[in-house]
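A quick write-up on the structure given underneath.
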Amino acid sequence: MSARTVSKSAPPSALGADSAVERQEPLPLVAKPLFAATRFAPTVRRLVVLIPDADTDESRLARQLWAMASRNDLPLLLLGVCHSPSGEPRARRRLAAIAALARDACVRAQIRLEVGADWITAARAVRRNSDLIVCHSEQQIARWGVRRRPLSQRLMAHFDEPVGVLTGFYPGLPLGHNALTASVPFIIFAAFTGLQILIHKIAGPSSYTLLMALSVLVEYGLIGFWQYRFG
């Protein structure tokens, strides 16, 4: 497995070094590729692994998680999200299946599913100071409907801590939401542009400035809310 390392100035990392591969010294804040032989710093007490609601080789993923957890004597929390209650049973079964495969007498594996939440909100709800969040390099998020950014970068920016990155388990993962979801900010922009043209034509001098200011505030408020909720 491989993943691109993204560095940023920060305190020493919670990630340890891979045996016989990495130097035994503190690392900066990074999105670090993880392997079965990865060793973590003693400050890490739990691995919180983000599990997309998508098809994968569950047995292979579970073996990887078990290897990392058992080598470091750490429990696992498998965290999933789904955007609607209708998808909850399927997402919960997927989490339970991976947890059952990764669990044994030495490794405790629990699951948590957040319905209607994004990854940042879900991670914030379960995160402890001694956790290491682990995501997948294929997980990306949309910015303003079109630009893509690795989820690992968003997690590091939000929590100001390093994250672990797994690669190769979700090669077919969609790069974000569907076309309708991605196009919503543009629909909002077009609709309010039409409204502002109408205001320009029919509003009187006394109300023009107020109506235009209100329309701009509502427009950017809706776009910002959409990006926060679904971006």
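Heads up: the sequence shown is residues 0 to 230, going by numbering that gives the first Met the number 0.
Glycine included, C-beta positions come from ideal geometry on N, C-alpha and C.
These figures come from a predicted structure and were not determined experimentally.
**OP:** Return the chain-ordered list of same chain residues with a C-beta closer than 8 Å to the C-beta of P170, the five sequence neighbours on each side being excluded.
**Re:** Walking along the sequence shown from the start, residue 170 turns up at place 171. The answer, listed in chain order, is E137.
**OP:** Kindly provide the ranges of any beta strand (DSSP E) runs that are 3 or more residues long and lie completely inside the segment 107-139, ordered along the chain.
**Re:** 108-114, 130-135
**OP:** Determine contact between the segment 99-118 and the segment 60-72, defined as no fewer than three beta-carbon pairs at a distance below 8 Å.
**Re:** yes
**OP:** List the whole-angstrom C-beta distance separating L112 from A90, where the pair is believed to meet the contact cut-off of C-beta under 8 Å.
**Re:** Within the sequence shown, residue 112 is the residue found at index 113, counting from 1. Within the sequence shown, residue 90 is the residue found at index 91, counting from 1. Going by Cβ atoms, the distance from L112 to A90 rounds to 6 Å, so yes, they are a contact pair.
**OP:** In angstroms with no decimal places, state the Cα-to-Cα distance between C134 and A95.
**Re:** To locate residue 134, count along the sequence shown from 1; it is residue 135. To locate residue 95, count along the sequence shown from 1; it is residue 96. When rounded, the distance between both Cα atoms is 18 Å.
**OP:** Just grab the DSSP bridge partners of R148 for me.
**Re:** To locate residue 148, count along the sequence shown from 1; it is residue 149. Residue pairing by DSSP puts R148 in a beta bridge opposite I140.
Subject >> First through last residue of the beta strand (DSSP E) which encompasses R45 >> reply: Walking along the sequence shown from the start, residue 45 turns up at place 46. Residues 45-49.
**OP:** Please report how far the alpha carbon of F188 lies from the alpha carbon of R44, in whole angstroms.
**Re:** In the sequence shown, the residue the question calls residue 188 occupies position 189. In the sequence shown, the residue the question calls residue 44 occupies position 45. Cα-Cα distance, rounded: 46 Å.
Original post:
In terms of DSSP beta bridges, what is L78 paired with?
Top reply: Taking the first residue of the sequence shown as position 1, residue 78 is located at position 79. DSSP lists L49, R111 as the beta-bridge partner residues of L78.
Subject >> Chain-order list of residues whose beta-carbon lies under 6 Å from that of D130 (same chain, five-residue window excluded) >> reply: Reading the sequence shown from its first residue, position 131 is the one you call residue 130. Cβ neighbours of D130 beyond the five flanking positions: R45, V47.
Original post:
On the three-state DSSP scale, how would you describe T55?
Top reply: Position 56 of the sequence shown, counting from 1, holds the residue named residue 55. Coil.
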